[in-house]
Amino acid sequence: MRILFSAFAGGFFGLGLLISGMTDTARVQGWLDLFGAWDPTLAFVLGGAIIPMFIAWRIAARRKHALLGDAIPALPPQVIDAKLLGGSALFGVGWALVGLCPGPALAVLGFGGQGAVIFAGAMAAGMVGWRWATTANGARTVDA
Amino acid sequence: MLIGLIPTAWAIGALGGLMIGLAAASFLLINGRIMGASGILGGLIDGSGQDNPGERTAFLAGLIGVPALLVALGHDAPMHLTGNVTLLAIAGLLVGVGTRMANGCTSGHGVVGIARLSIRGIVATLAYLLAGFITMAVGRHVLGII
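Right under this line is the structure:
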């Protein structure tokens, strides 16, 4: 059941990304292009996504456990540090350069051709590389 | 005609967004998991998410498989992806390192975090948006590389 509902959530996420146009890098880059032909679509996508999720968090606050039995994840310590700001800044630069963030980068992997594979490969290398670099120093990354 | 087309993209965007939010809501309320693309992928490939590799793999299979299937069946999905291999590699590396350093991306910090009114999620989203706006302004309008 757990596996089935995971696949369902992933598939529905991919469907939403495809329908909303977030797999089109021109649309994403258009949102970031304040000084060009600005495209506000991404704000509608984010707004549309936050509404059901906001309700879900209200429900989760009362129930404490998910339907399949797991505890609702606790809110991580609300630390604003250099890793959060620096990491987000690096991510923002890469996002603007090509117009893909991790969700859409995966959603286009099956039809985006060589470019999509190169981007996803580099992204995966960056993820694993960061882990290696930080664990080698004795630090630990905590899963979001 | 153009004026009629623009709000349609917004409405379809909001509809797709609702689906993304419902996916995140079901992942939380059914599986008890945070729907963050970078965390789900990163935890699987860097060895930090050993507790539930099956769930992670199934999620990724759905995320990759459903759009691929729809496009194969004829759904039109323009991508306008750059052909510049160097740019693709650099951007991919930055996205990979940055999202793991910050423990989240547009889905985890953006959709799930903001909806939880998480300060970390809101701050991270403002930071990557600001970096994105500046990169686009400089990269497209000053340097001409985007």
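Sequence order for the protein chains is U and E.
Positions in the first sequence are counted from 1; adding 2 to them yields my numbering.
Positions in the second sequence are counted from 1; adding 6 to them yields my numbering.
Cβ coordinates follow ideal geometry from the N, Cα and C atoms, glycine included.
- With 16 or more other Cβ atoms inside 10 Å of its own Cβ, D41(U) counts as buried.
- Inter-segment contact for the segment 81-94 of chain E and the segment 106-124 of chain U is present: three or more beta-carbon pairs are separated by less than 8 Å.
- Inter-segment contact for the segment 18-30 of chain U and the segment 10-27 of chain E is present: three or more beta-carbon pairs are separated by less than 8 Å.
- Neighbours of W59(U) in chain E, taken as residues at a C-beta separation under 7 Å, are given in chain order as A121, R122.
- Judged by DSSP secondary structure, T88(E) falls outside any alpha helix (DSSP H); it is assigned neither H nor E.
- Scanning the segment 94-121 of chain E for uninterrupted alpha helix (DSSP H) segments of 4 residues or longer gives nothing; none is fully contained.
- Residue pairing by DSSP places A73(U) opposite H67(U) in a beta bridge.
- With respect to F37(U), A143(E) sits close: the two C-beta atoms are nearer than 8 Å.
- A residue is called buried once 16 or more other Cβ atoms fall within 10 Å of its Cβ, and T92(E), having fewer, is exposed.
- Look at D52(E): its C-beta is under 8 Å from a C-beta on chain U.
- The beta carbon of R133(U) falls within 8 Å of a beta carbon belonging to chain E, placing the residue at that interface.
- Selection H81(E), I125(E), S32(E) evaluated against L70(U) yields S32(E) as nearest (Cα-Cα).
- L92(U) and L77(U) have their C-alpha atoms spaced approximately 24 Å apart.
- The segment 89-104 of chain U makes no contact with the segment 60-79 of chain E; the number of CB pairs closer than 8 Å stays below 3.
- Per DSSP, reduced to three states, the secondary structure at H81(E) is coil, with no helix or strand assignment.
- The beta carbon of A29(E) sits closer than 7 Å to the beta carbons of M41 from its chain, once the five residues preceding and following it are set aside; these are given in chain order.
- The Cβ-Cβ distance between Q31(U) and G101(U) falls below 8 Å.
- DSSP places Q80(U) in the coil class of the three-state scheme, outside both helix and strand.
- Residue contact check for R64(U) against chain E: no CB pair falls below 8 Å.
- C-alpha of T14(E) to C-alpha of A137(E): approximately 28 Å in a straight line.
- Between R106(E) and R133(U), the gap from beta carbon to beta carbon is short of 8 Å.
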